[in-house]
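Asks: Read left to right, the sequence shown gives residues 1137 to 1201 (the numbering used here).
The C-beta atom is built at its ideal place from N, Cα and C for all residues, glycine as well.
As the structure is a prediction and not an experimental result, all values here were calculated from the model.
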Amino acid sequence: MSFFGKGLGFGDGRGKNKGGAMGVGGYCICAKCGTKVKHEKNVKCTTIKCPDCGTTMIREELLKK
């Protein structure tokens, strides 16, 4: 008995952001006060605290969605 091919086919199985990175450029932005800092390669914005108010930063592209 085979279980393959029994799904409905709605998901693409790649998770958040369709499995792709957002690239090296861009900015990390504070959703609270709007402060922008340049995104560093291999550093997630969510690991950075805003230098002005201490809130966790997010990737600018995600804030625009």
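1) With distances taken Cα to Cα, identify the nearest neighbour of Glu1176 among Cys1189, Cys1186, Gly1161.
2) Over what stretch of residues does the beta strand (DSSP E) that includes Ile1165 continue unbroken?
3) Kindly indicate which residue of Arg1195, Leu1199, Lys1200 has the alpha-carbon position closest to the one of Asn1178.
4) According to the Cβ coordinates, are Cys1169 and Ile1184 closer than 7 Å?
Replies: The relevant details are as follows:
1) Gly1161
2) Membership of Ile1165 in the beta strand (DSSP E) is indicated by the continuous run 1163-1166.
3) Arg1195
4) no
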